[in-house]
Amino acid sequence: MAAYTANIQVQTEEMDIVDITAQAQKAVAASGIDNGMACIFNSGSTGAVTTIEHEPGLLQDLPAALERIAPRGITYQHEERWHDGNGHSHIRASLIGPGLTVPVIDGTLQLGTWQQVVFVECDVKPRQRSLLVQVVGD
Amino acid sequence: MAAYTANIQVQTEEMDIVDITAQAQKAVAASGIDNGMACIFNSGSTGAVTTIEHEPGLLQDLPAALERIAPRGITYQHEERWHDGNGHSHIRASLIGPGLTVPVIDGTLQLGTWQQVVFVECDVKPRQRSLLVQVVGD
Amino acid sequence: MAAYTANIQVQTEEMDIVDITAQAQKAVAASGIDNGMACIFNSGSTGAVTTIEHEPGLLQDLPAALERIAPRGITYQHEERWHDGNGHSHIRASLIGPGLTVPVIDGTLQLGTWQQVVFVECDVKPRQRSLLVQVVGD
Numbered sequence: 006m007a008a009y010t011a012n013i014q015v016q017t018e019e020m021d022i023v024d025i026t027a028q029a030q031k032a033v034a035a036s037g038i039d040n041g042m043a044c045i046f047n048s049g050s051t052g053a054v055t056t057i058e059h060e061p062g063l064l065q066d067l068p069a070a071l072e073r074i075a076p077r078g079i080t081y082q083h084e085e086r087w088h089d090g091n092g093h094s095h096i097r098a099s100l101i102g103p104g105l106t107v108p109v110i111d112g113t114l115q116l117g118t119w120q121q122v123v124f125v126e127c128d129v130k131p132r133q134r135s136l137l138v139q140v141v142g143d
Numbered sequence: 006m007a008a009y010t011a012n013i014q015v016q017t018e019e020m021d022i023v024d025i026t027a028q029a030q031k032a033v034a035a036s037g038i039d040n041g042m043a044c045i046f047n048s049g050s051t052g053a054v055t056t057i058e059h060e061p062g063l064l065q066d067l068p069a070a071l072e073r074i075a076p077r078g079i080t081y082q083h084e085e086r087w088h089d090g091n092g093h094s095h096i097r098a099s100l101i102g103p104g105l106t107v108p109v110i111d112g113t114l115q116l117g118t119w120q121q122v123v124f125v126e127c128d129v130k131p132r133q134r135s136l137l138v139q140v141v142g143d
Numbered sequence: 006m007a008a009y010t011a012n013i014q015v016q017t018e019e020m021d022i023v024d025i026t027a028q029a030q031k032a033v034a035a036s037g038i039d040n041g042m043a044c045i046f047n048s049g050s051t052g053a054v055t056t057i058e059h060e061p062g063l064l065q066d067l068p069a070a071l072e073r074i075a076p077r078g079i080t081y082q083h084e085e086r087w088h089d090g091n092g093h094s095h096i097r098a099s100l101i102g103p104g105l106t107v108p109v110i111d112g113t114l115q116l117g118t119w120q121q122v123v124f125v126e127c128d129v130k131p132r133q134r135s136l137l138v139q140v141v142g143d
């Protein structure tokens with residue numbers, strides 16, 4: 006049994022939904038771990054990780070849904086205190102969640118054909134993100 | 006330390022919320038792993054895994070909440086491109102998340118008495134799903 | 006490779022968002038595990054675990070968002086059957102999710118500076134919660 010860590014670098018703007026599947030799979034391959042789990046995680050409070058079919062339509066539909074849940078234009082108490090314009094970003098990230106755990110079998114992330122691991126940038130300014138891929142198993 | 010994989014087969018229709026606790030627990034027992042974690046995961050982009058008290062009232066209330074977040078009747082860009090009628094399904098699945106990780110202690114999933122592991126079918130047509138249960142630990 | 010379990014006790018009232026980062030980190034340190042993953046989990050169907058910047062503004066903004074998704078004042082079928090006043094609590098907990106998995110590197114939870122692990126109490130009455138921290142790794 007072993008544990009292995011890799012990083013994925015992504016450059017983002019607000020509401021970018023970045024397909025990081027290939028980089029995550031590369032990390033799993035580099036780990037030498039055949040069977041176990043991989044946790045893809047954002048160390049930060051304004052970005053999130055989930056899966057989606059990464060096609061242009063849904064890249065508009067997911068932000069539209071987040072706008073219903075945590076709209077940009079309303080009052081946030083976070084904004085009243087910190088004035089960084091990203092109250093909605095924090096709420097969106099907390100609701101989606103900062104990380105995702107995926108089974109690894111035969112050295113492969115067990116995703117569907119039309120299912121990609123994505124980083125969802127919820128913050129309001131360009132960010133350089135360093136995501137973690139942590140793999141445990143045999 | 007070991008890693009163990011099992012599959013759970015479920016036949017579903019839209020907005021079925023299927024209690025898979027017994028099958029997930031059976032997989033944990035079969036693994037021979039006493040202490041660790043189990044990841045229950047849907048390899049696909051229109052189904053989700055979470056926990057809920059699996060009683061008839063909430064099986065109506067959760068779909069009602071998803072209808073507020075990602076309603077059926079509105080325009081989805083996914084639909085404009087693919088015409089498969091399931092834009093809302095993808096958004097619902099991405100927001101709930103495709104998988105769930107649960108601690109395993111003494112060979113038992115650490116769930117509450119009124120807390121069941123459920124698969125949430127978000128797609129619009131009947132599906133045969135093969136879910137993964139991946140267990141790691143000692 | 007090893008697996009380690011600890012408990013975190015928290016006393017809550019409705020919509021308390023309790024910072025449990027220090028206790029979770031203490032559990033990781035006590036585990037002796039340097040590299041792996043920690044799963045922080047609520048065994049119950051009316052509480053949730055996620056991350057957020059734990060500052061007073063967002064502690065009001067997250068409940069406001071949950072009020073949009075699963076408002077208190079509407080009809081829940083759960084309520085029609087069980088009359089415990091917490092239909093919205095179950096829905097909120099299922100959508101956020103009962104647990105969170107975080108990478109552990111060099112004995113440390115890999116969180117951002119302004120990112121805390123929180124327990125979100127969705128139930129309507131004061132609760133004594135015993136959360137699990139399950140750590141696996143080397």
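Chains as they are written, first to last, in the working numbering: chain H, 6 to 143; chain L, 6 to 143; chain F, 6 to 143. Glycine is no exception: its CB is placed at the ideal position from the N, C-alpha and C atoms.
In three-state terms, what does DSSP make of residue i?
i	result
Q65(H)	helix
V140(L)	strand
Q115(H)	coil
V33(L)	helix
Q121(L)	strand
By a C-beta neighbour count over all protein chains shown, 10 Å radius and 16 as the cutoff for buried, is residue i buried or exposed?
i	result
H88(H)	exposed
N12(H)	exposed
S50(F)	buried
E85(L)	exposed
P131(L)	exposed
Q14(F)	exposed
T106(F)	buried
Q115(L)	buried
S94(H)	buried
T55(H)	buried
G92(H)	buried
E58(H)	buried
Q1(L)	Residue 1(L) cannot be examined here, being either before or after the span of chain L that is shown, 6 to 143.
E18(L)	exposed
I74(L)	buried
I79(F)	exposed
S135(H)	exposed
P108(F)	buried
Q121(H)	buried
P76(F)	exposed
Spell out whether any CB of chain H is found under 8 angstroms from the CB atom of residue i.
i	result
R77(F)	no
G132(L)	It is Arg, not Gly, that sits at residue 132(L) in the sequence shown. So no, R132(L) is outside the interface.
D66(F)	yes
G92(L)	yes
A32(F)	no
V141(F)	yes
A8(F)	no
H95(L)	yes
Q121(L)	no
Within 8 angstroms (strictly less), CB to CB, does residue i reach chain F?
i	result
I38(H)	no
F46(H)	yes
E85(H)	yes
Is there a C-beta anywhere in chain B that falls below 8 angstroms from the one on residue i?
i	result
L100(L)	Among the protein chains in the structure shown, which are H, L and F, there is no chain B.
For chain L, check one thing: does any of its Cβ atoms lie closer than 8 angstroms to the Cβ of residue i?
i	result
L137(F)	yes
R73(H)	yes
M20(H)	no
A35(H)	no
A29(H)	no
A11(H)	no
I25(F)	no
Q14(F)	no
At what residue ranges does the segment 37-108 of chain F contain a whole run of the beta strand (DSSP E), taking only runs of 3 or more?
-> 41-46 and 52-57
Using a beta-carbon distance cut-off of less than 7 angstroms, what residues from the segment 48-63 of chain H approach chain F?
-> S48, G49 and S50
Any residues in the segment 105-119 of chain H with a beta carbon nearer than 8 angstroms to a beta carbon of chain L? Which ones, in chain order?
-> L105, T106, V107, P108, V109, I110, Q115, L116, G117 and W119
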